[in-house]
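Enquirer:
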């Protein structure tokens, strides 16, 4: 490569690289350092506290509660939204040939929650789930069923949020799965038919599921990353309540950092969260990648 | 139809046959009134240009497509409503359609596993629980190995299709089709994804496979070289119908109609409309069309036909001459590459042996016998 070419390459990558260093890498480094201090936003100095912040997160009842809540939420949302996304995609893919208009309308309906602003949608959910005036409980009592306190019952609130989380991600997963389904060679289904895989179930195991491997991996990674970051619904609907029953890691991070200004502690949470997510994604890619691309 | 005349085993019921089958997609009729018998041990080629309906015919034979009308029969039994697996027909796909996530061994074993093991028994580790499943698995493994060795795939059994060359993938597709001893073997453009050198050896290999297995083979192709070199009998398909079904030599030397005559042969047959020029070649030419293959036309000072040379193209062993008659008919002649060429624009006289002239009815296009 000539000097001239090197210079123009540098000129092209330079600004973006500089911005990346200034606005991503530098702040991340600062956060990593702050995680070991008791710095408070606005304070003139900070003391080195070592691993105290981490001990507080994993040792305190509140810290462990946030971690446990997040894991519960994730354990519900990932399988449900990936599974439902796949089911809806399979249904719509099968329907597309015979009822194209209805299929397109349904696709739009399923995708609507993805396109809509979650904060605005949260307001609608709040109205729907209102204990006495909400549509859900009005119908429930009309049918003679109990009318639970969806967002203020400590045993229920996390599951309510999980359902909203699923509702929000199914459409996105559906679109990804639909693209994956459309990319499967029709001749593979013909081959399966000739080879005797005539039932829907054996066709699915012989062709559809293995061919969707790369799509499923991507959907899993994206869904997991989104589920771990659950924040908007918590912030707008419950504020982590009642009595921290819906407190999640990212909401705790927000509360400690931006409400109580405990920047050191918030940074420690961020570091843990970041490392956990990095580890999870690397694990998924490392474990599954070799098994989905068939090379 | 001449099918029955050329069947190797007269009186036997055909292994597979289509009886007056039609298929329409919406308003368009892709296959119309199609009948074809395929006997055990026979190698038939279904030859047609793309869009002639040959793939649809193949899919109806295999059971992947239901005919709009007509019947599919196997040994005298109506199988029109049966699914592909129940017909026990093997099909080799043009794209090979191998399962990319399965090893060569698993790909070949798939038809047997689907037929002989229940869904539960196909689960990994099922053999550990049930001795019967274990026995079936062992039998399948033995058969898989046998077929793989026959197709020289013994070394590749644990590879994935993505790690194989095109020729190897093709052999895996053949093995998967052959593994369950099918009652008929359908090949959809088996050579179209191979390079020229491999095509010739693969043609031989498929011929050999046909000889050694004795199955009824049906080859679907758009390439007449494939059809002429492999098949005992060729069914020429034009616009959804069988235009002629006969051995290769007969198709070439006695085409049943104008369309077949034009379709078969390395170069398109010259057709002279009824008139003085056609009559110069053959006395019947006054009333019917006279066809002559470019390779049958020769430069002959005594020749009956006069034409002007418009261009000549040297192709090594042969030279293509583009000519125009005084009446404006464009002619093509193929002469030996070593022959000296007349200059462009000169008038030359052409002749052809009477035995190599073909007569066609000017309105129906059907063959009229004119040779003595």
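Residue numbers (the numbering used here), protein chains in the order written: chain A, 44 to 338; chain B, 903 to 1274.
Every residue gets a Cβ at the ideal spot worked out from N, C-alpha and C, and that includes glycine.
Decide yes or no for the touch test of the stretch 996 to 1004 of chain B against the stretch 1030 to 1049 of chain B: beta carbon pairs closer than 8 Å, at least 3 of them.
Expert: no
Enquirer: For residue 976(B), list the residues DSSP reports as bridge partners.
Expert: The residue given as residue 976(B) occupies position 74 in the second chain. Bridge partners of residue 976(B): 979(B).
Enquirer: Check residue 1036(B) in the structure and name its three-state DSSP category.
Expert: Numbered from 1 along the second chain, position 134 holds the residue referred to as residue 1036(B). Note: residue 1036(B) maps to helix in three-state DSSP.
Enquirer: If you draw a straight line from the alpha carbon of residue 1225(B) to that of residue 241(A), how long is it in whole angstroms?
Expert: The residue labelled residue 1225(B) in the question sits at position 323 within the second chain. The residue labelled residue 241(A) in the question sits at position 198 within the first chain. So the alpha carbons of these two residues sit roughly 58 Å apart.
Enquirer: Taking CB distances under 8 Å as the criterion, tell me whether residue 237(A) reaches chain B.
Expert: As a first step, residue 237(A) must be located in the first chain, where it is residue number 194. Cβ-Cβ to chain B under 8 Å: yes for residue 237(A).
Enquirer: Helix, strand or coil for residue 1140(B) per DSSP?
Expert: The residue you call residue 1140(B) lines up with position 238 of the second chain. Strand at residue 1140(B).
Enquirer: Does the stretch 1005 to 1024 of chain B come into contact with the stretch 948 to 956 of chain B, if we say contact requires no fewer than three beta-carbon pairs (one atom in each stretch) closer than 8 Å?
Expert: Touching, no, given that fewer than three Cβ pairs across the two stretches are closer than 8 Å.
Enquirer: Report the neighbours of residue 228(A) on chain B: residues whose CB is nearer than 8 Å to its CB, in chain order.
Expert: By one-based count along the first chain, residue 228(A) stands at place 185. Here the neighbours are 997 and 999.
Enquirer: Per DSSP, which one or two residues make a beta bridge with residue 939(B)?
Expert: Position 37 of the second chain, counting from 1, holds the residue named residue 939(B). BP columns for residue 939(B) point to 919(B).
Enquirer: Using a Cβ-Cβ cut-off of 7 Å (strictly less than) and excluding sequence neighbours within five positions of residue 1041(B), which residues of its own chain qualify?
Expert: Residue numbering aside, residue 1041(B) sits at position 139 when the second chain is read from its first letter. Non-local beta-carbon contacts of residue 1041(B) in its own chain, meaning distances under 7 Å to residues more than five positions away in sequence, are absent.
Enquirer: Between the C-alpha atoms of residue 910(B) and residue 1086(B), what's the straight-line distance to the nearest angstrom?
Expert: Here residue 910(B) refers to the residue found at position 8 of the second chain. Here residue 1086(B) refers to the residue found at position 184 of the second chain. For residue 910(B), the predicted structure reports a pLDDT of 49, less than 50, and the residue's modelled location is therefore unreliable. The matter cannot be settled from this model.
Enquirer: Excluding five sequence neighbours on each side, which residues of the same chain lie with their C-beta closer than 7 Å to the C-beta of residue 235(A)?
Expert: Taking the first chain and counting its residues from 1, one reaches residue 235(A) at position 192. Within the same chain, residue 235(A) has close Cβ partners 246, 249 and 250.
Enquirer: If we call anything under 8 Å between Cβ atoms a contact, is residue 276(A) one with residue 207(A)?
Expert: Position 233 of the first chain holds residue 276(A). Position 164 of the first chain holds residue 207(A). A contact, by the Cβ cut-off of 8 Å.
Enquirer: Where does residue 1090(B) sit, in a helix, a strand or coil, going by DSSP?
Expert: Looking up residue 1090(B) in the second chain gives position 188. Strand at residue 1090(B).
Enquirer: Could you pull out every residue in the same chain whose Cβ sits closer than 6 Å to the Cβ of residue 285(A), ignoring the five residues on either side in sequence?
Expert: The sequence position of residue 285(A) within the first chain is 242, counting from 1. Taken in chain order, the residues that qualify are 195 and 197.
Enquirer: Rounded to the nearest angstrom, what separates residue 119(A) and residue 183(A) at their Cα positions?
Expert: Translated into positions along the first chain, residue 119(A) becomes position 76. Translated into positions along the first chain, residue 183(A) becomes position 140. Rounded to the nearest angstrom, the two C-alpha atoms are 24 Å apart.
Enquirer: Alpha carbon to alpha carbon, what distance is there between residue 97(A) and residue 109(A)?
Expert: What you label residue 109(A) is simply residue 66 of the first chain in a count that begins at 1. What you label residue 97(A) is simply residue 54 of the first chain in a count that begins at 1. Rounded to the nearest angstrom, the two C-alpha atoms are 14 Å apart.
Enquirer: I believe residue 1174(B) touches residue 1192(B) by the beta-carbon criterion, under 8 Å. Please report the beta-carbon distance rounded to the nearest angstrom.
Expert: In the second chain, residue 1174(B) corresponds to position 272, counting from 1. In the second chain, residue 1192(B) corresponds to position 290, counting from 1. The C-beta distance from residue 1174(B) to residue 1192(B) rounds to 5 Å, short enough to meet the 8 Å contact threshold.
Enquirer: Is it a yes or a no for the stretch 963 to 981 of chain B touching the stretch 1007 to 1021 of chain B, going by three-plus beta-carbon pairs under 8 Å?
Expert: As far as the Cβ criterion goes, the stretch 963 to 981 of chain B does not touch the stretch 1007 to 1021 of chain B, which means the pair count is below three.
Enquirer: Excluding the 5 residues flanking residue 1105(B) on each side, which residues of the same chain have their C-beta closer than 8 Å to its C-beta?
Expert: Taking the second chain and counting its residues from 1, one reaches residue 1105(B) at position 203. Hits under 8 Å: 1093, 1128, 1131 and 1132.
Enquirer: In its own chain, which residues sit with a C-beta less than 6 Å from the C-beta of residue 906(B), not counting the 5 before and 5 after it?
Expert: Taking the first residue of the second chain as position 1, residue 906(B) is located at position 4. Low per-residue confidence applies at residue 906(B): pLDDT is 40, beneath 50, and the placement is therefore not dependable enough to give any value.
Enquirer: State the start and end residues of the unbroken beta strand (DSSP E) segment that holds residue 1226(B).
Expert: Reading the second chain from its first residue, position 324 is the one you call residue 1226(B). That run of the beta strand (DSSP E) goes 1220 to 1226.
Enquirer: Using DSSP's beta-bridge definition, name the partner residues of residue 1259(B).
Expert: Walking along the second chain from the start, residue 1259(B) turns up at place 357. Looking at the DSSP assignment, residue 1259(B) forms a beta bridge with 1194(B).
Enquirer: What do you reckon, are the CB atoms on residue 324(A) and residue 200(A) nearer than 8 Å?
Expert: By 1-based counting over the first chain, the position of residue 324(A) is 281. By 1-based counting over the first chain, the position of residue 200(A) is 157. Cβ atoms of residue 324(A) and residue 200(A): not closer than 8 Å.
Enquirer: Taking DSSP's pairing of strands, which residues face residue 119(A) in a bridge?
Expert: Residue mapping note: residue 119(A) aligns to position 76 of the first chain, counting from 1. Note: residue 119(A) sits in no beta bridge, so no partner.
Enquirer: Is the CB-CB distance between residue 1195(B) and residue 1237(B) below 8 Å?
Expert: Mapped onto the second chain, residue 1195(B) falls at position 293. Mapped onto the second chain, residue 1237(B) falls at position 335. Taking C-beta atoms as the reference points, residue 1195(B) and residue 1237(B) fail to come closer than 8 Å.
Enquirer: If I follow the unbroken beta strand (DSSP E) through residue 1238(B), where does it start and stop?
Expert: Looking up residue 1238(B) in the second chain gives position 336. It spans 1232 to 1238 - the beta strand (DSSP E) in which residue 1238(B) sits, taken as one unbroken run.
Enquirer: Roughly how many angstroms separate the alpha carbons of residue 58(A) and residue 269(A), rounded to a whole number?
Expert: Your numbering for residue 58(A) matches position 15 in the first chain. Your numbering for residue 269(A) matches position 226 in the first chain. Spanning the two alpha carbons is a distance of roughly 29 Å.
Enquirer: Am I right that residue 25(A) and residue 283(A) are in contact with their C-beta atoms under 8 Å? What's the rounded C-beta distance?
Expert: Residue 25(A) lies beyond the residue range present for chain A, which begins at 44 and ends at 338; the question has no answer from this structure.
Enquirer: Pull up the distance between the alpha-carbon of residue 53(A) and that of residue 46(A), whole angstroms please.
Expert: The sequence position of residue 53(A) within the first chain is 10, counting from 1. The sequence position of residue 46(A) within the first chain is 3, counting from 1. Whole-angstrom Cα-Cα distance: 10 Å.
Enquirer: Using a C-beta cutoff of 8 Å, does residue 1117(B) count as contacting chain A?
Expert: Along the second chain, read from residue 1 onward, the residue named residue 1117(B) stands at position 215. Taking Cβ atoms only, chain A never reaches closer than 8 Å to residue 1117(B), which makes this a no.
Enquirer: Measure the beta-carbon distance from residue 82(A) to residue 278(A) and round it to whole angstroms, keeping in mind my assumption that it falls under 8 Å.
Expert: As a working mapping, residue 82(A) is identified with position 39 in the first chain. As a working mapping, residue 278(A) is identified with position 235 in the first chain. About 24 Å separates the two Cβ atoms, so there is no contact after all.
Enquirer: Leaving out five residues before and five after residue 1245(B) in sequence, what residues of the same chain have Cβ atoms less than 8 Å from its Cβ?
Expert: Here the question's residue 1245(B) lines up with position 343 in the second chain. Within the same chain, residue 1245(B) has close Cβ partners 1211.
Enquirer: Against chain B, with Cβ distances strictly below 8 Å, would residue 199(A) count as a contact?
Expert: Translated into the one-based positions of the first chain, residue 199(A) becomes position 156. Not an interface residue.
Enquirer: Would you call residue 939(B) buried or exposed, if buried means 16 or more other Cβ atoms sit within 10 Å of its Cβ?
Expert: Position 37 of the second chain, counted from the start, is the residue given in the question as residue 939(B). Per the 10 Å Cβ criterion, buried.
Enquirer: Starting from residue 1016(B), find everything on chain A with Cβ-Cβ shorter than 7 Å and list it in chain order.
Expert: The residue given as residue 1016(B) occupies position 114 in the second chain. Chain A residues near residue 1016(B): 238, 239, 240 and 245.
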